[in-house]
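Novice: Residue numbers (our numbering): -5 to 183.
All C-beta atoms, glycine included, are put in the ideal place defined by N, C-alpha and C.
Fair warning: this is a prediction, and the values are worked out from it, not measured in the lab.
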């Protein structure tokens, strides 16, 4: 079997494009005894915008107030009914998990701090939500725009699709997906 793998590797490396990718990977990966080499500086002029937004969307402003629970620290592990999924509670969840926590300024530059730090905010994340039967939010696919704390509706109209929510007793359906993806890292190389 190892003979077969060797043949595949040799065949793949003969393609110049594959060889280029493999050489880049070897140069740019971290090792057990070293960090990956970098360019030495960042190309600040080529960095992406810190906040991605979509033109032509139907934005939905989320409440900025954080829902405060009367649950004490010692009671966190006690089983209880979940809060109903409403626009207010969804806004609190997104703000506390992927929202902005503060702004900093230095030498004329201004930047945001995010609740989930990512290497100094050099590769921000974007968050997507599939909402199904959330009080105050139409069913659809949304992009969370954390600068303005809004949901940008990107897709809708699956009335004939089966229920995609997760049932929680009498509270209805929860969103079936909340996902974050990292973007903008390519400007670092």
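Suppose only complete runs of 3+ residues qualify. What are the beta strand (DSSP E) ranges in the stretch 130 to 156, listed by chain order?
Specialist: Counting whole runs of 3 or more residues, the stretch 130 to 156 contains the beta strand (DSSP E) stretches 134 to 139 and 144 to 149.
Novice: Per DSSP, which residues does residue 97 bridge with? Please list them.
Specialist: BP columns for residue 97 point to 106.
Novice: Do residue 109 and residue 95 have their beta-carbon atoms positioned less than 8 Å apart in this structure?
Specialist: Against a cut-off of 8 Å, the Cβ pair of residue 109 and residue 95 comes out as a contact.
Novice: Three or more C-beta pairs under 8 Å: does that hold for the stretch 60 to 71 against the stretch 33 to 41?
Specialist: Contact between the stretch 60 to 71 and the stretch 33 to 41 is absent, because fewer than three Cβ pairs lie under 8 Å.
Novice: Identify which residue in 43, 27, 128 and 31 has its Cα closest to the Cα of residue 104.
Specialist: With distances taken between Cα atoms, residue 104 lies closest to 43.
Novice: Where do the ends of the beta strand (DSSP E) carrying residue 121 lie?
Specialist: It spans 119 to 125 - the beta strand (DSSP E) in which residue 121 sits, taken as one unbroken run.
Novice: Keeping to the same chain, check which residues put their C-beta closer than 8 Å to that of residue 10; ignore five residues upstream and five downstream.
Specialist: Within the same chain, residue 10 has no close Cβ partners at all.
Novice: Less than 8 Å between the beta carbons of residue 145 and residue 77, yes or no?
Specialist: Contact: no.
Novice: Do the CB positions of residue 172 and residue 119 come within less than 8 Å of each other?
Specialist: Cβ distance not < 8 Å, so residue 172 and residue 119 don't count as in contact.
Novice: Report yes if the CB atom of residue 139 is closer than 8 Å to the CB atom of residue 133, and no otherwise.
Specialist: Contact: no.
Novice: First and last residue of the alpha helix (DSSP H) that includes residue 84?
Specialist: Unbroken alpha helix (DSSP H) run through residue 84: 81 to 92.
Novice: Going along the chain, which residues of its own chain have a beta-carbon closer than 8 Å to the beta-carbon of residue 129, five neighbours each way excluded?
Specialist: Excluding positions up to five away in sequence, the list reads 78, 79, 80, 81 and 166.
Novice: Between 135, 107, 41 and 22, which lies nearest to residue 151 when the distance is taken from Cα to Cα?
Specialist: Here the closest residue by C-alpha is 135.
Novice: Where does the unbroken alpha helix (DSSP H) through residue 201 begin, and where does it stop?
Specialist: Lying outside -5 to 183, the shown extent of the chain, residue 201 is not represented and no answer is given.
Novice: What residue range does the beta strand (DSSP E) around residue 53 cover?
Specialist: Where residue 53 is concerned, the enclosing beta strand (DSSP E) stretches over 52 to 55.
Novice: How big is the Cα-Cα spacing for residue 100 and residue 47?
Specialist: Going from the Cα of residue 100 to the Cα of residue 47 covers about 25 Å.
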